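Numbering (our numbering), first residue to last: 43 to 549.
Even glycine gets a Cβ: it sits at the ideal position worked out from N, Cα and C.
Please read these numbers as outputs of a predicted model, since none were measured by experiment.
For reference, the structure is listed below as structure tokens.
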């Protein structure tokens, strides 16, 4: 940005930088007025500002503690109590996750001083104000959790009441976050003008929505009702066995009436692990806890393999999630269909199939026994024994196609059972309705803005419009806002700020 003032290589500045881990309002508490989260403010002024290192430069750093943040009290109707009722930071975090750093100096950038920036950074920043975590970090720490349920219980707006009726809890899980800004006041003596060069960066490891709802319990109940009815056609399995010529004499000796086929589902394991178990899934259901987790980065930006989503960290200034980056087409239906696919994938390990006729043990045994999980059959690793009058039959290369055929039969029967079950379809319709209500609120009531900036492109949150002076440059990794109810939630997370810088009188 070019300025109208002139300057020289020896021009000195009154400069400043700020850093605040938290700012704005949450639950009626004005965080900007609380000493516990006052942030740091570096000021290189002449005469020196109170508490500054001096007029030449000033450096302020403040590693925050979870204990100090947890002591903050709220007072807004149902949100009265400790801050942790709404915003709960993860204890025992790595150093720097809650850091604040600000540096200001009197020098303008010139031929004499080619590097003289002001720096303000908060969150996961090092002791020089730079972001301490890269997008390639395999194990980014967590920052904390915001209890959106308690916030929305106090809110109004399209779809809020419907969503509250469907859920018992809604948390926003925030990964490590950082916002950092640098400002160089550049003196171009040859042109006789001053320019400001601003660089802003942010990091947001992840955003996940954790929803607690009876809808998940309804889904579990439907599965517990439907899955025990899984029945495999004995005749279809017999046809597959008859397709193996080496088994002809054995099958003739046994007869089809001797064949028993069972498929049992270990229902206790349905609740042992989330579905799917893999991390970063756009939608993950924990039937044991009764929760649904939505990975916002995977949902809006596509699947990612690392611990940090590149998509979430390459967004333009003031990108509002679910608005500037909308949901994919047919997102809700796609998520529910993917959930069914993931459920079927889990059931491959929980369905045990046994195919039995006669006996394979004892003197002169005649019989067959094939058993394993559905996955074992599909992958050709199920155990199989065939015996005719005490003599074993080795199918060799014919065994795997037989196992695969039985596995495909069981799999298609399972698909048909789930697709045709009215009870299960009703439960899945409930999941669909819950997700639709959640996304409606995220589009129209609860604004999540990533890379929130003042004096930048995009529509900045209203909070930034009130920041003064004019040439102050702010960035926060994440800004959350209940539209039209800023006293309820208007929160900037990991915010760095630089400027306004001015030439000193007579400099």
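Per DSSP, what kind of secondary structure is residue 485 in: helix, strand or coil? helix
Against chain E, with Cβ distances strictly below 7 Å, would residue 107 count as a contact? The structure shown contains no chain E; it holds only a single protein chain.
Helix, strand or coil, according to DSSP, for residue 530 in the structure here? coil
Would you check if the distance between the CB atom of residue 221 and the CB atom of residue 537 is smaller than 7 Å? For residue 221 and residue 537, yes; Cβs fall inside 7 Å.
Would you mind reading off the limits of the beta strand (DSSP E) that contains residue 428? 425-430
What are the complete beta strand (DSSP E) segments, minimum 3 residues, inside the stretch 136-220? 141-147, 160-165, 184-189 and 211-217
Mapping DSSP to helix, strand and coil, what is residue 61? Looking at residue 61 - three-state DSSP - the assignment turns out to be strand.
How big is the Cα-Cα spacing for residue 364 and residue 462? 33 Å
Residues near residue 91 by beta carbon distance below 6 Å, same chain, minus five either side: 85
Per DSSP, which one or two residues make a beta bridge with residue 515? 540
My understanding is that residue 448 touches residue 395, with C-beta atoms under 8 Å, so please give their C-beta distance in whole angstroms. 7 Å
Just to confirm my understanding: we take residue 200, look at its own chain, exclude 5 residues before and 5 after, and list those with CB closer than 6 Å. What are they? 486
What would DSSP say about residue 404, mapped onto helix, strand or coil? Note: residue 404 maps to coil in three-state DSSP.
What residues match up with residue 240 in a beta bridge as DSSP calls it? 225
Rounded separation between residue 353 and residue 94 - CA only: 39 Å
Assigned secondary structure, residue 291 (DSSP; H/G/I helix, E/B strand, else coil): helix
If I follow the unbroken beta strand (DSSP E) through residue 99, where does it start and stop? 99-103
Nearest to residue 359 by alpha carbon, out of 275, 241 and 340? 241
Would the beta-carbon of residue 261 be found less than 6 Å away from any heavy atom of the ligand NAP? The ligand NAP is absent from the structure shown, which contains no ligands of any kind.
Between the alpha carbons of residue 342 and residue 523, how many angstroms are there, rounded? 19 Å
Where does residue 458 land, buried or exposed, given buried means 16+ other C-beta within 10 angstroms? exposed
Let me confirm a value: residue 136 is counted as buried when at least 16 other C-beta atoms fall within 10 Å, else exposed. Which label applies? The pLDDT assigned to residue 136 is 49, lower than 50, so where the model puts this residue is not dependable, and the model offers no usable value.
How many angstroms separate the CA atom of residue 445 from the CA atom of residue 419? Taking the straight line from one Cα to the other gives about 5 Å.
Can at least three beta-carbon pairs, one atom from the stretch 289-299 and one from the stretch 333-340, be found at a separation below 8 Å? no
Where does residue 328 fall in DSSP's three states? strand
May I have the straight-line CA-CA distance separating residue 263 from residue 500, to the nearest angstrom? 46 Å
Taking only the alpha-carbon atoms, compute the straight-line gap between residue 531 and residue 73 and give it to the nearest angstrom. 11 Å
Quick one: give me the first and last residue of the alpha helix (DSSP H) that residue 419 is part of. Following the DSSP letters along the chain, one finds residue 419 inside the alpha helix (DSSP H) bounded by residues 416-421.
Count the other CB atoms within 10 Å of the CB of residue 497; is the residue buried (16 or more) or exposed (fewer)? buried
Mind listing, in chain order, the continuous alpha helix (DSSP H) runs of no fewer than 4 residues lying wholly within the stretch 340-400? Every alpha helix (DSSP H) stretch that sits fully inside the stretch 340-400 and reaches 4 residues is listed by chain position as 373-392.
Straight-line CA distance for residue 119 to residue 67? In this prediction, residue 119 has a pLDDT of 49, which is less than 50 and means its spatial position is unreliable; what the coordinates show is noted afterwards. Using only the alpha carbons, I get a separation of about 15 Å.
For a test of the three-state rule: what should DSSP assign to residue 300, helix, strand or coil? helix
So residue 406 packs on residue 432, CB below 8 Å; how close in whole Å? 4 Å
Assuming residue 104 contacts residue 142 (C-beta within less than 8 Å), just tell me the rounded distance between them. 4 Å
Could you give the distance in angstroms between the alpha-carbon of residue 561 and the alpha-carbon of residue 227? As shown, the chain starts at 43 and ends at 549. That puts residue 561 outside it, with no answer to give.
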